[in-house]
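Take a look at the structure below.
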Amino acid sequence: MLTKIKSLTVKYKYPLLLILTILLTAGYLVSRSKKEEKIVTTQPGREFKLLEVYPAPPEFISIWSVEPINFTFNEPINFESLTYKASPGNSSDYQLKKDSNFSFSIVPTNGWRENTEYTIIISKSLTSINKNQLNEDIKTTFKRVLPQPGDPEYPDVIPEE
């Protein structure tokens, strides 16, 4: 029996090594992804905070009036706890889109108006899925401006809206 196993391993040495390498690599990747998931999602009591607003205020340089403003947080968001105020107008004049478990975007239903100041306030009642809460409301104020020649955002062709 042992000699038969030895002869098979000699005959199929490279395919067996390839299969073993694939299995070990797959196992490593699966265990690593679960470890990273635990780091992000199982830390109750951790500070829940905003990581980024994009495009960054105070000026929102965009040729597109419907480009969203994106809010990204350090933990997965409990979207049921999300409330916000937006002006000018009110929240019903804006659309909220869930981009990922960590982020969402807001855009006015009729697009951002040029040279108009906007304020968006995310309520501190927003929580992560771990039940961590924001320390304070998040307030961002910005205005949309069109790019000027020489700006990196300035296109070769200006689209019609």
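The sequence shown lines up with residues 19 to 179 when you count with the numbering used here.
Every residue gets a Cβ at the ideal spot worked out from N, C-alpha and C, and that includes glycine.
Which first and last residues belong to the beta strand (DSSP E) in which residue i is found?
i: V84; result: Where V84 is concerned, there is no enclosing beta strand (DSSP E), given that its DSSP letter is neither H nor E.
i: E65; result: From DSSP, E65 is part of no beta strand (DSSP E); its letter is neither H nor E.
i: S105; result: 102-105
i: L114; result: 112-116
i: R131; result: That residue, R131, is in no beta strand (DSSP E); it is neither H nor E in DSSP.
Who are the near neighbours of residue i in its chain, counting only those whose CB is closer than 6 Å to its CB and skipping five residues on each side?
i: V84; result: V125, G129
i: K67; result: N92
i: Q166; result: none
i: Y112; result: A104, I124, P126
i: I87; result: I124
i: E135; result: K161
i: K157; result: I139
i: K115; result: S123
i: L144; result: S99, L100, L152
i: K142; result: L152, E154, D155
i: T137; result: S105, T159
Classify residue i as helix, strand or coil using the three-state DSSP reduction.
i: F97; result: helix
i: S143; result: coil
i: S121; result: strand
i: K52; result: Bear in mind that the predicted position of K52 carries a pLDDT of just 43, short of 50, making it unreliable; the figure below should be weighed with that in mind. K52 falls in the helix class under three-state DSSP.
Check the Cβ-Cβ distances between residue i and every residue of chain D, and say whether any is below 9 Å.
i: I139; result: Judged by its chain identifiers, the structure shown contains no chain D, having just a single protein chain.
Which same chain residues, not among the five before or five after residue i, have their C-beta less than 7 Å away from its C-beta?
i: F89; result: L68, V71, S121, F122, I140
i: N119; result: P94, I95
Counting only the same chain and skipping the five closest in sequence on each side, list residues whose C-beta sits under 8 Å from that of residue i.
i: G107; result: P126
i: I147; result: T59, E93, P94, I95, N96, N119
i: P75; result: T158, T159, F160
Using 10 angstroms around the beta-carbon of residue i, count the other beta-carbons present and answer buried if the total reaches 16, otherwise exposed.
i: N153; result: exposed
i: N133; result: exposed
Identify every residue that forms a DSSP beta bridge with residue i.
i: T90; result: E70, S121
i: E135; result: K161
i: Q166; result: Partner(s): none; Q166 has no beta bridge.
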